[in-house]
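Shown next, in structure tokens, is the structure this report addresses.
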Amino acid sequence: MINFNLFVLPFFLGLIYVVFAIGRSWYRWIRSLPASDKVRLTTMFRQPRQVLLALGEVCTEALLHRRMWKRNPLLGYMHMSFALGWFLLIVCGNLESRYYSGSHLNAPYYPIFLKFFIHDRLVIFFEVFSVPGFFRFLMDLLLLFVLSGLVLAMVKRKRSKWFGLKRTAEFQLTDVVSLTCLWLIFPMRLLAESFTAGYYGSGGGFLTQSLGNLVMTVMPFTSEYIPYSMWWGYSLVLGLFFITLPYTRYMHIPTEVLLIFFRHAGIRPKKWYSGFSDAEVLACSRCGVCIDVCPLNEAGIVDAQAVYFIRGLRDQYVPESVSRMCLLCGRCQEACPVGLHTDSLRLIKRRELVSGQETDFSWLASAAPGPVALETRHIPRQAEVAYFAGCMSHLTPAVIRSMRRIMDQAGINWVQLDEDGSVCCGRPLMVAGKDTQASQLMEFNKNQVLATGARLLVTSCPICYRVFREDYNLPVRIQHHSQFILDLVKTGKIPLQAHFRKVAYHDPCDLGRGSGVYEAPRELLTKIADLVEVGQDAHNAQCCGGSLGIFTATQEQRNDMAAAALDVLLENQPEVLATACPLCKKTFAKQSPVPVKDIAELVCDAMPNPVYCSASGQSRRAGSYAT
Amino acid sequence: MIHFGYGVMADATTDYDRNDRRIAEYLLEHEPSVNLCIGCGSCTAACSTGRMVEFNIRRLHTLIRRGETLKLKKEIMKCMFCGKCQLVCPRGVNLRNVILTINRALEQTG
């Protein structure tokens, strides 16, 4: 028997096309990787362990959707039923077809349309225990599994809240076409198999046979063209889905697999667009998880979220304002089920935007006619600890004052690098995309630090902390002041007396998600205060809205974001709002009904002989919350 | 010109009928918050760069309105982008984006 019929052609051609399209993309991306990354990739394939680990992640993420489950079980089940269900249908269908053909090599369409070619006449009851019967049962079960996911997907369109999503990504026309095809595939398969099983009176499993028998009872048809046309329909939607796949969000299905291998090979995002960025952009499934977590929603900005930005990158059209409309708070990155580096993609785009623009920091080298002569700044005093307050801390003098008192109290030999005003750490330029220009400032600061001979660099600003750690390559230890003070308290160098009631802690983005410092500030605070719970904290903390990462938001929009973050922080009525970032402090202080204090201020206030460290206006009231 | 009986230094005059308004117009279109500026000078007072070198961010506004593009180009390159100006601005002028937008305008006007 020749197992071929004209109707397999749409599917078969679609399959050939999609395999070719995916292969071409993969080849291009791998070719455009930097040489070092190519080496990483080839080295990985020589280590079976790494390959196995990558395959394991492919199973847990691309098939089981573990991270989706974590976000919401219903959402996880929906994605899993499609991915795992379809995958198992393919695998089991293949095994089943081998049983019938007795050959390992079958045409790719043979297993897909097996029930058209084979109408096995076996007893229906107790057939589960025979090999073909078992396969029929299994295939029907898997089809039911996928269909259950399909029903959920339809429900999700109307009731996304049940899936833990307040907002979902908006569709483009191509997505609608592709989605329609995808949604039709499995019902078409069900109909084709059922009608065939009903017409021949055999060959189906518990689902398809029962449905087929029902159809035959309700409307007994005598023409085999009815099931035949169903098979045509099934093949057409499959073919159309495959042909549209490379141009729609469903390209994430094959791309995520490649991306997982890239990551296991140790390939990391680069400063410029590379094959890795391509893989990240195409691996975005537009599931929309990043939309809800984005603080921009609070300001009514709905077109700049990671999903839309990445879609813009893919369509090669991102408005300049959208590239710059991002706090770089890292919340979407934390939530992304595919683990995309949304922030670094945004930065890549920003770098492209400003690539032709120059800066001139030649004044760093020469003495300037400014208020402070630069020569004096070049020779910092030798000290054990170099303290870099940071630009923002200069706007919150209470933080610097507290730090000085704490260091004096602890008997540390310290020197402040930016006592007369600071040369910026460089990160504000970097978030604008001006990395090369920032390097001049970094060079200056680096020399300043080295000149002190210090072994420890302490900074009060998480923005500085992050860039010192990530980009400076300093041979000294770098600590944020929350870590530094905690060490001092632990070694008993700072006596603490007062204890505050009800303090809520806000995680600054660059300290928490940006640098992974969550515990030190909390541990420190519990020594001097009772921490109240905050609804969204640590990894999921809201951005204060003051971020330097965003350029195009108006002041009103920033205020809206700050207000929303404050709502969450003040939910449990804290008496003081503590943070560890001068920028967060400054942003919240404008709107907060309770005093906003830096950790350093609180520690300073908790020390004996309270020479109140906090800003004068609030220090008078300090006694009221200290107990 | 009417003869007033005294001279006017040529390089200090701004001919508002003939000056280059392209940057000002581009800026107003793309970052309208610049219109909120009352010229209080808080930005200049807070400026990290201005503390170490002759750099006056408030003055950029004047340069733009006068169309003094060359001077503007030279001045703007000194900015370190730290954002203190924006934080102290009582009017909510989006100063970091103002600088980026001026840069873009300078690129486009050549």
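Chains as they are written, first to last, in our numbering: chain A, 38 to 664; chain B, 19 to 128.
Idealized CB from N, CA, C, for every residue including glycine.
Considering only residues of the same chain and omitting the five flanking positions on each side of residue i, which have a CB-CB separation below 6 Å?
i, result
"residue 91 of chain B", "124"
"residue 105 of chain A", "112, 113, 116 and 374"
"residue 75 of chain B", "61, 62, 65 and 103"
"residue 655 of chain A", "Unreliable placement is indicated for residue 655 of chain A, whose pLDDT of 43 sits below 50; the coordinate value is still reported in the next sentence. Closer than 6 Å at the Cβ level, and outside the excluded window around residue 655 of chain A, lie 632."
"residue 407 of chain A", "Confidence at residue 407 of chain A is low in this model, with a pLDDT of 36, below 50, so the placement of that residue is unreliable and no value is reported for it."
"residue 40 of chain B", "127"
"residue 215 of chain A", "281, 285 and 287"
"residue 401 of chain A", "481"
Short of 7 Å in beta carbon distance, which residues of its chain neighbour residue i, apart from the five on each side in sequence? Order them along the chain.
i, result
"residue 201 of chain A", "108, 109 and 112"
"residue 107 of chain B", "60, 61 and 113"
"residue 703 of chain A", "One cannot answer for residue 703 of chain A here, as it falls past the ends of chain A, which runs 38 to 664."
"residue 196 of chain A", "none"
"residue 240 of chain A", "152, 155, 156, 157, 233 and 234"
Taking the alpha carbon of residue i as the point to measure from, which residue in the options has its own alpha carbon closest?
i, options, result
"residue 55 of chain B", "B:119, B:112 and B:117", "B:112"
"residue 265 of chain A", "A:511, A:284 and A:237", "A:237"
"residue 45 of chain A", "A:276, A:88 and A:424", "A:276"
"residue 574 of chain A", "A:594, A:539, A:545 and A:192", "A:545"
"residue 606 of chain A", "A:189, A:569 and A:383", "A:569"
"residue 444 of chain A", "A:600, A:224, A:166 and A:644", "A:644"
"residue 592 of chain A", "B:105, B:81, B:122 and B:87", "B:105"
"residue 618 of chain A", "A:54, A:543, A:599 and A:594", "A:543"
"residue 357 of chain A", "A:550, A:186 and A:588", "A:588"
"residue 515 of chain A", "A:498, A:250, A:249 and A:463", "A:498"
"residue 615 of chain A", "A:582, A:563 and A:594", "A:563"
"residue 389 of chain A", "A:203, A:547 and A:308", "A:308"
"residue 509 of chain A", "A:286, A:484 and A:156", "A:484"
"residue 604 of chain A", "A:139, A:335 and A:468", "A:335"
"residue 467 of chain A", "A:549, A:384 and A:533", "A:384"
"residue 204 of chain A", "A:94, A:156, A:150 and A:338", "A:338"
"residue 638 of chain A", "A:600, A:540, A:596 and A:572", "A:540"
"residue 155 of chain A", "A:142, A:136 and A:314", "A:136"
"residue 552 of chain A", "A:241, A:642, A:533 and A:505", "A:505"
"residue 122 of chain B", "A:391, A:500, A:462 and A:211", "A:391"
Are residue i and residue j closer than 8 Å when you measure CB to CB?
i, j, result
"residue 221 of chain A", "residue 274 of chain A", "yes"
"residue 493 of chain A", "residue 486 of chain A", "no"
"residue 18 of chain A", "residue 272 of chain A", "The structure shown does not extend to residue 18 of chain A, since chain A is modelled only from 38 through 664, so no value can be given for it."
"residue 252 of chain A", "residue 231 of chain A", "yes"
"residue 116 of chain B", "residue 49 of chain B", "yes"
"residue 513 of chain A", "residue 488 of chain A", "no"
"residue 101 of chain B", "residue 585 of chain A", "yes"
"residue 316 of chain A", "residue 289 of chain A", "no"
"residue 304 of chain A", "residue 83 of chain A", "no"
"residue 55 of chain A", "residue 282 of chain A", "yes"
"residue 311 of chain A", "residue 70 of chain A", "yes"
"residue 480 of chain A", "residue 449 of chain A", "no"
"residue 126 of chain A", "residue 176 of chain A", "yes"
"residue 369 of chain A", "residue 278 of chain A", "no"
"residue 259 of chain A", "residue 152 of chain A", "no"
"residue 452 of chain A", "residue 426 of chain A", "no"
"residue 469 of chain A", "residue 99 of chain B", "yes"
Give me, in chain order, the residues of the same chain whose beta-carbon lies closer than 8 Å to that of residue i; leave out the 5 immediate sequence neighbours on both sides.
i, result
"residue 561 of chain A", "519, 522, 523, 526, 636 and 640"
"residue 531 of chain A", "443, 446, 447, 522, 525, 640 and 644"
"residue 68 of chain B", "62, 74 and 75"
"residue 355 of chain A", "346, 349 and 386"
For residue i, would you say it is in contact with chain D, using Cβ-to-Cβ distances shorter than 8 Å as the test?
i, result
"residue 66 of chain B", "Looking at the structure shown, chain D is missing, and the protein chains on hand are A and B."
How do the region 323 to 336 of chain A and the region 356 to 366 of chain A stand: do at least 3 beta-carbon pairs fall below 8 Å, yes or no? With a cut-off of 8 Å, the region 356 to 366 of chain A and the region 323 to 336 of chain A count as touching, because enough Cβ pairs lie within range.
For the structure I just gave you, are there three or more beta carbon pairs, one from the region 234 to 249 of chain A and one from the region 112 to 127 of chain A, closer than 8 Å? They do not touch, by the three-pair rule.
contact_flag[the region 310 to 324 of chain A, the region 576 to 583 of chain A] where n(CB pairs < 8 Å) is 3 or more: Cβ pair count under 8 Å is below three, so no.
Quick check: the region 254 to 272 of chain A against the region 297 to 305 of chain A, are there 3 or more CB pairs under 8 Å? No contact exists between the region 254 to 272 of chain A and the region 297 to 305 of chain A.
With contact counted as at least three CB pairs below 8 Å, one residue from each stretch, are the region 388 to 403 of chain A and the region 466 to 484 of chain A in contact? Result yes; three or more Cβ-Cβ pairs closer than 8 Å.
Ranges of the beta strand (DSSP E) found wholly within the region 495 to 526 of chain A, counting only runs of at least 3: 514 to 517, all fully within the region 495 to 526 of chain A.
So, does the region 434 to 446 of chain A touch the region 39 to 53 of chain B, judging by three or more C-beta pairs under 8 Å? Verdict: no, contact absent.
Between the region 50 to 64 of chain A and the region 168 to 181 of chain A, can you find at least three pairs of beta-carbon atoms closer than 8 Å? Too few Cβ pairs lie closer than 8 Å, so no.
Where in the region 211 to 277 of chain A do unbroken runs of the alpha helix (DSSP H), each at least 4 residues long, occur, reported from the N-terminal end onward? Runs found: 245 to 255.
Which complete beta strand (DSSP E) runs does the region 426 to 458 of chain A hold, if anything under 3 residues is left out? Listed in chain order, the complete beta strand (DSSP E) runs (minimum 3 residues) inside the region 426 to 458 of chain A are 451 to 453.
Report yes or no: do three or more beta-carbon pairs, one from the region 137 to 155 of chain A and one from the region 82 to 99 of chain A, lie closer than 8 Å? Taking a cut-off of 8 Å on C-beta distances, the region 137 to 155 of chain A does not touch the region 82 to 99 of chain A, as fewer than three cross pairs fall below it.
Where are the alpha helix (DSSP H) runs, 4 residues long or more, that stay fully inside the region 61 to 96 of chain A, in chain order? Qualifying alpha helix (DSSP H) stretches, in chain order: 72 to 82 and 85 to 94.
Where are the beta strand (DSSP E) runs, 3 residues long or more, that stay fully inside the region 531 to 610 of chain A, in chain order? Every unbroken stretch of the beta strand (DSSP E) spanning 3 or more residues and falling wholly within the region 531 to 610 of chain A is given here in chain order: 537 to 543 and 566 to 568.
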